[in-house]
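For reference, the structure is listed below as structure tokens.
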Amino acid sequence: MAPAGPGLAGRARRAFALLTDPRTPKLPRLAVALAIAYLLWPPDLVPDFVIPLLGWVDDAGFLWLAFRWLLRRAPAPPGPP
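Numbering that gives the first Met the number 0 numbers the first residue of the sequence shown as 0 and each following residue consecutively.
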């Protein structure tokens, strides 16, 4: 896995690499997929059109928690041979 640079783009590359890495546990990968589906699915726990700011915060919160779990459960990068 290539090292990710600083910033949002680097984190996005690392997250994508972890999602496609077979060594990454399945449950955190599933959580990210479900969080993305929740973000795209029209019915929400807090509808965006009723309470706009709070509706977006719950979407972002689920996504953030899922990615945080994914990054914490990431497999260790391979060491030197």
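Positions of the beta carbon are idealized from the N, C-alpha and C atoms, including for glycine.
Asked: Are the CB atoms of residue 14 and residue 64 nearer to each other than 8 Å?; Found: no
Asked: Please go through the same chain and pick out, in chain order, the residues whose beta-carbon is closer than 7 Å to the beta-carbon of residue 44, but skip the five residues on each side of it.; Found: 57
Asked: Name the two residues that bound the continuous alpha helix (DSSP H) containing residue 35.; Found: 25–39
Asked: Hey, how far is the Cα of residue 40 from the Cα of residue 71?; Found: 26 Å
Asked: Hey, out of 10, 6, 66, whose CA is closest to residue 32's CA?; Found: 66
Asked: In whole angstroms, give me the CA-to-CA distance for residue 16 and residue 10.; Found: 10 Å
Asked: Can you say whether residue 23 is buried or exposed, counting buried as having 16 or more other CB atoms within 10 angstroms of its CB?; Found: buried
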